[in-house]
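All remarks here apply to the structure that follows.
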Amino acid sequence: METRSHFHAELDALKQRVIGLSERVEASRQGALAAYLRHDLDVARQVIEADKDINRETCDIDEACLRLLALEQPVALDLRRIVGYARMVINLERLADEAVSVAEGALTGVGLPGACDQALGDLAEHAGRMYNLAAHAFAADDLDGAMEVCRLDEKARELAVAAMRCITEALSQCQAAPEASVRAILAARSFERMGGHAANIGEILVFILRGVMLSQQCQPR
Numbered sequence: 001m002e003t004r005s006h007f008h009a010e011l012d013a014l015k016q017r018v019i020g021l022s023e024r025v026e027a028s029r030q031g032a033l034a035a036y037l038r039h040d041l042d043v044a045r046q047v048i049e050a051d052k053d054i055n056r057e058t059c060d061i062d063e064a065c066l067r068l069l070a071l072e073q074p075v076a077l078d079l080r081r082i083v084g085y086a087r088m089v090i091n092l093e094r095l096a097d098e099a100v101s102v103a104e105g106a107l108t109g110v111g112l113p114g115a116c117d118q119a120l121g122d123l124a125e126h127a128g129r130m131y132n133l134a135a136h137a138f139a140a141d142d143l144d145g146a147m148e149v150c151r152l153d154e155k156a157r158e159l160a161v162a163a164m165r166c167i168t169e170a171l172s173q174c175q176a177a178p179e180a181s182v183r184a185i186l187a188a189r190s191f192e193r194m195g196g197h198a199a200n201i202g203e204i205l206v207f208i209l210r211g212v213m214l215s216q217q218c219q220p221r
C-alpha cells in the first residue's frame, strides 16, 4: 500500500510538472503574438530565449515518464496517464516551437497593416482560446472541455484559410510587400498549428480518461 501511495504521489507530481510546462508555453504563445502584432523586438527575443528552458523541461518530463513506466509497470488508467503525459509534452514543445517561429518573423520586419493583421489576430485569438481550454481541461480532468477543444479545431482551419486569402489578395493588389506577405503566411500557419496542437492535447485527455483515440471528427476510432 505504501509503495502504491508513493507511486501515485509521483504521478501527481508529474502532472503538476506538465501543468507548469503548459504555463510556460502559454507565456511564449502570448509573447509571440504580441511581438508579431506590435513588432516588439524585446519580447520576440524573450520568446526565443525561453524556448531553451522549455526544451530542457520537456526532456526531463519525458525521462520521468519513462522511469515511471520502467520501475512501476503501471496498468489501466495509471498507464494511460503516463503515456498521455509523454504525448502532452511533445505537443507543448512543438507549440512552443511555433511561438518561436512567429517571434523570429517579428525580428525580420513589421507585419501587414489593416484587415490582414486583424484576420491573423482573430486566428491567433481562437488558437489561444483552444489552448487555454485544453490546458484547463487537462488540469481538471474535464472530459467535456477536451471534447470542445477538438470541435473548435475546424474553426481554426477556417480562420487560417480566411487569413491566407486576405494576405494573398493584398499581395496580388500590390497592397503588401512580398517579404511581409511571406512572414504573414508563415505566422498564419504557425497559429493554425498551435490550434492543432491544442486539439491534440484535448484528444490526449480523452485517451487518458476514456482509453479511446479520437479522429478529427471527435469520434472514437
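Its first residue numbered 1, the sequence shown is counted upward by one per residue in UniProt numbering. Ideal placement from N, C-alpha and C gives every residue a C-beta, glycine not left out.
For Leu11 versus Ala124, is the C-beta spacing smaller than 8 angstroms?
-> Numbered from its first residue, the sequence shown carries residue 11 at position 11. Numbered from its first residue, the sequence shown carries residue 124 at position 124. No, Cβ-Cβ distance for Leu11 and Ala124 is not below 8 angstroms.
When the Cβ atoms of the region 137-151 are set against those of the region 202-214, are three or more pairs found closer than 8 angstroms?
-> yes
State the Cα-Cα distance for the pair Tyr131 and Cys65, rounded to the nearest angstrom.
-> Here residue 131 is taken as the residue at index 131 of the sequence shown, counted from 1. Here residue 65 is taken as the residue at index 65 of the sequence shown, counted from 1. Whole-angstrom Cα-Cα distance: 23 angstroms.
Going along the chain, which residues of its own chain have a beta-carbon closer than 7 angstroms to the beta-carbon of Gln16, five neighbours each way excluded?
-> By 1-based counting over the sequence shown, the position of residue 16 is 16. Taken in chain order, the list of residues that qualify is empty.
Is the Cβ-Cβ distance between Ala163 and Leu120 less than 8 angstroms?
-> Counted from its first residue, the sequence shown places residue 163 at position 163. Counted from its first residue, the sequence shown places residue 120 at position 120. For Ala163 and Leu120, yes; Cβs fall inside 8 angstroms.
In its own chain, which residues sit with a C-beta less than 8 angstroms from the C-beta of Ala27, not counting the 5 before and 5 after it?
-> For the purposes of this step, residue 27 is taken as residue 27 along the sequence shown, with counting starting at 1. Once the five neighbours on either side are set aside, the close Cβ partners of Ala27 are Ala50.
What does a CB cutoff of less than 7 angstroms around Glu98 pick up in its chain, not counting 5 residues either side in sequence?
-> As a first step, residue 98 must be located in the sequence shown, where it is residue number 98. These residues qualify, in order along the chain: Ser190, Arg193, Met194.
Going straight from the alpha carbon of Ala146 to that of Ala70, what length do you get?
-> Within the sequence shown, numbered from 1, the residue matching residue 146 stands at position 146. Within the sequence shown, numbered from 1, the residue matching residue 70 stands at position 70. Each residue's Cα considered, the two are about 29 angstroms apart.
Between the C-alpha atoms of Cys116 and Ile167, what's the straight-line distance to the nearest angstrom?
-> In the sequence shown, counting from the first residue as 1, residue 116 sits at position 116. In the sequence shown, counting from the first residue as 1, residue 167 sits at position 167. The alpha-carbon atoms of Cys116 and Ile167 are separated by roughly 6 angstroms.
Quick one: measure Cβ to Cβ for Ala156 and Ala127, integer angstroms, because I've assumed they're closer than 8 angstroms.
-> What you label residue 156 is simply residue 156 of the sequence shown in a count that begins at 1. What you label residue 127 is simply residue 127 of the sequence shown in a count that begins at 1. At roughly 6 angstroms, the Cβ-Cβ gap stays under 8 angstroms, so Ala156 and Ala127 are in contact.
Can you check whether the CB of Val25 is closer than 8 angstroms to the CB of residue 225?
-> Here the chain comprises residues numbered 1 to 221, so residue 225 is not present and cannot be evaluated.
For Gly196, which residues from the same chain have a beta carbon less than 8 angstroms from its beta carbon, with the 5 sequence-adjacent residues on both sides left out?
-> For the purposes of this step, residue 196 is taken as the residue at position 196 of the sequence shown. Excluding residues within five positions, the ones whose Cβ falls inside 8 angstroms are Asp153, Ala156.
For the alpha helix (DSSP H) that contains Ala162, what are its first and last residues?
-> The residue given as residue 162 occupies position 162 in the sequence shown. Unbroken alpha helix (DSSP H) run through Ala162: 143-172.
Helix, strand or coil at Pro74 [DSSP, three-state] = As a first step, residue 74 is located in the sequence shown; it is residue number 74 there, counting from the start. If DSSP states are grouped into helix, strand and coil, Pro74 belongs with coil.
When burial is assigned at 16 or more other CB atoms within 10 Å of the CB, is Ala41 buried or exposed?
-> Stepping through the sequence shown from its first residue, residue 41 is reached at position 41. As written in the sequence, residue 41 is Leu, which differs from the Ala given in the question. Looking at its Cβ environment, which holds fewer than 16 other Cβ atoms inside 10 Å, Leu41 is exposed.
Since Ile201 and Asn91 are thought to touch, with beta carbons under 8 angstroms apart, how far apart are those beta carbons, to the nearest angstrom?
-> As a first step, residue 201 must be located in the sequence shown, where it is residue number 201. As a first step, residue 91 must be located in the sequence shown, where it is residue number 91. With a Cβ gap of about 6 angstroms, Ile201 and Asn91 count as contacting.
Three-way DSSP call (helix, strand, coil) for Asp62 in this model | Reading the sequence shown from its first residue, position 62 is the one you call residue 62. Of the three classes helix, strand and coil, the one that applies to Asp62 here is helix, per DSSP.
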